[in-house]
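Engineer: From first to last, the protein sequence lines stand for chains B and V.
If you read the first sequence in the UniProt record's numbering, its first letter stands for residue 1, the second for the next number, and so on.
If you read the second sequence in the UniProt record's numbering, its first letter stands for residue 1, the second for the next number, and so on.
There are 2 protein chains.
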Amino acid sequence: MGLTKTEMFTDQQNEISLFAKVLGHPARVAILQHLFKTNSCVCGDLVNEIGLAQPTISQHLKELKYLGLIKGNVEGTSVCYCINTHNWTAMKTVMTAFLNQDITENQDCC
Amino acid sequence: MGLTKTEMFTDQQNEISLFAKVLGHPARVAILQHLFKTNSCVCGDLVNEIGLAQPTISQHLKELKYLGLIKGNVEGTSVCYCINTHNWTAMKTVMTAFLNQDITENQDCC
DNA sequence: AACATTAATCGTAATATTGCAATAAATTAA
DNA sequence: TTAATTTATTGCAATATTACGATTAATGTT
Chain B
1 MGLTKTEMFT
11 DQQNEISLFA
21 KVLGHPARVA
31 ILQHLFKTNS
41 CVCGDLVNEI
51 GLAQPTISQH
61 LKELKYLGLI
71 KGNVEGTSVC
81 YCINTHNWTA
91 MKTVMTAFLN
101 QDITENQDCC
Chain V
1 MGLTKTEMFT
11 DQQNEISLFA
21 KVLGHPARVA
31 ILQHLFKTNS
41 CVCGDLVNEI
51 GLAQPTISQH
61 LKELKYLGLI
71 KGNVEGTSVC
81 YCINTHNWTA
91 MKTVMTAFLN
101 QDITENQDCC
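Have a look at this one:
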């Protein structure tokens, strides 16, 4: 079906999976790393840096923006994209809590 | 095309995105949380707990196992699934390093 | 052996994702 | 205004993902 049954899961589980999903493509990982690394965060730079076609990069940027991880500002004919630090931190908190679940209890299960 | 061009990205970027991708479905998040929470990690329990059909759960377990995040042991007619703590820790290291990228430099970009 | 129980696999339908060419939209420059 | 530049959108093709019924495989039970 290709359709995730989100109604069967908690808000927290859906939130974690949505954040993970948007990080689940190497182009989006590369975009985020580039935005962290440099201040020259214009869309065209990302197209050159990453090597995918411009519409493809634009689409990935749209998803990252939809999840709130980046924000974009129009500057003349180009658009400057940057990390939304507030939302990134919020995402990091959610994901880190999930990753740091306690693993001591069921270590000897299998 | 639906086909990710992995050859354009670094091994690190592909690794991060693969880990994120497997966490990018609420059923797999729920499975992992349940395995962390309880020792009764038999496949049938997960089917009851989560509410998706048995083949669907089995498929999600397969993906988690393929990425190494869980391991399964046959116990009679049932199969006991558990967190692979070693690989979970390794994954956590990779993801945490990505999430903790320094955000001070480009805060004022946009 | 015959049956029951449990999980994996197969096959398939429906939806999602990825990628890009073509085009449109928005702004700037001449 | 016209042209140039840059990014977003549209439309589409190809592949991936999700879900589950039906079946198979594996083990245990009687």
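Glycine is no exception: its CB is placed at the ideal position from the N, C-alpha and C atoms.
Restricting to Cα atoms, I'd like to know which of Gln-101/V, Asn-100/V, His-25/V, Ser-17/V is closest to Leu-3/B.
Structural biologist: The sequence position of residue 3/B within the first sequence is 3, counting from 1. Ranking the options by Cα distance to Leu-3/B, first place goes to His-25/V.
Engineer: By DSSP's criteria, Gly-72/B is part of a beta bridge. Which residues make up the other side?
Structural biologist: Here residue 72/B refers to the residue found at position 72 when the first sequence is read from its first residue. Gly-72/B pairs with Tyr-81/B.
Engineer: Using a Cβ distance threshold of 8 Å, determine whether the region 69-77 of chain B contacts the region 45-58 of chain B, with at least three qualifying pairs required.
Structural biologist: In short, these stretches do not touch, since the Cβ pair count stays below three.
Engineer: Would you say Lys-5/V lies against chain B (beta-carbon separation less than 8 Å)?
Structural biologist: What you label residue 5/V is simply residue 5 of the second sequence in a count that begins at 1. Chain B, which has a Cβ nearer than 8 Å to the Cβ of Lys-5/V, makes this yes.
Engineer: For Val-42/B, which beta-bridge partners are listed by DSSP?
Structural biologist: The count along the first sequence starts at 1 and reaches residue 42/B at position 42. Paired residue(s): Cys-80/B.
Engineer: Between Lys-21/V, Val-47/V, Ser-17/V, which has its C-alpha nearest Ile-31/V's C-alpha?
Structural biologist: Here the question's residue 31/V lines up with position 31 in the second sequence. Residue Val-47/V is the option with its Cα nearest to Ile-31/V.
Engineer: Are the CB atoms of Glu-49/V and Val-22/V within a distance shorter than 8 Å?
Structural biologist: Position 22 of the second sequence, counted from the start, is the residue given in the question as residue 22/V. Position 49 of the second sequence, counted from the start, is the residue given in the question as residue 49/V. No, the Cβ-Cβ distance between Val-22/V and Glu-49/V is not below 8 Å.
Engineer: Compare the C-beta of Leu-99/V against all C-beta atoms of chain B and say whether one is closer than 8 Å.
Structural biologist: As a first step, residue 99/V is located in the second sequence; it is residue number 99 there, counting from the start. True, the Cβ-Cβ gap to chain B drops below 8 Å.
Engineer: Which residues, in order along the region 39-65 of chain B, keep a beta-carbon less than 8 Å from a beta-carbon of chain V?
Structural biologist: Taking 8 Å as the Cβ-Cβ cut-off against chain V, the residues of the region 39-65 of chain B that qualify are Asn-39, Cys-41, Ile-50, Gly-51, Leu-52.
Engineer: Just the chain B side, please: which residues come within less than 7 Å of His-25/V by C-beta, in chain order?
Structural biologist: Here the question's residue 25/V lines up with position 25 in the second sequence. The contacting residues are Thr-4, Ser-17.
Engineer: What residue from Tyr-81/V, Gln-101/V, Phe-9/V has the CA that sits closest to Tyr-66/V's CA?
Structural biologist: Here the question's residue 66/V lines up with position 66 in the second sequence. Nearest option by C-alpha distance: Tyr-81/V.
Engineer: Could you tell me which chain B residues have their CB closer than 8 Å to the CB of Thr-77/V, listed as they occur along the chain?
Structural biologist: Position 77 of the second sequence holds residue 77/V. What Thr-77/V touches in chain B: nothing, since even the nearest Cβ is about 16 Å away.
Engineer: Among Val-42/V, Ala-27/V, Gln-101/V, Met-95/V, which one has its Cα closest to the Cα of Glu-15/B?
Structural biologist: As a position in the first sequence, residue 15/B is number 15, starting the count at 1. Checked all of Val-42/V, Ala-27/V, Gln-101/V, Met-95/V; the closest Cα to Glu-15/B is Ala-27/V.
Engineer: By the three-class DSSP mapping on this structure, what secondary structure does residue 116/B have?
Structural biologist: The requested residue 116/B does not occur in the structure, where chain B is confined to residues 1 to 110.
Engineer: How long is the line joining the alpha carbons of Cys-41/V and Cys-43/B, rounded to whole angstroms?
Structural biologist: Taking the second sequence and counting its residues from 1, the one referred to as residue 41/V is at position 41. Taking the first sequence and counting its residues from 1, the one referred to as residue 43/B is at position 43. If I take the Cα positions, the gap works out to 47 Å.
Engineer: Please return the same chain residues whose Cβ sits closer than 8 Å to the Cβ of Met-95/B, not counting the five positions on each side in sequence.
Structural biologist: Counting from 1 along the first sequence, the entry for residue 95/B is found at position 95. Ile-16, Phe-19, Ala-20, listed in sequence order.
Engineer: If I'm right that Asp-102/V touches Phe-36/B with Cβ under 8 Å, what's the distance once you round it to whole angstroms?
Structural biologist: Translated into positions along the second sequence, residue 102/V becomes position 102. Translated into positions along the first sequence, residue 36/B becomes position 36. Going by Cβ atoms, the distance from Asp-102/V to Phe-36/B rounds to 7 Å, so yes, they are a contact pair.
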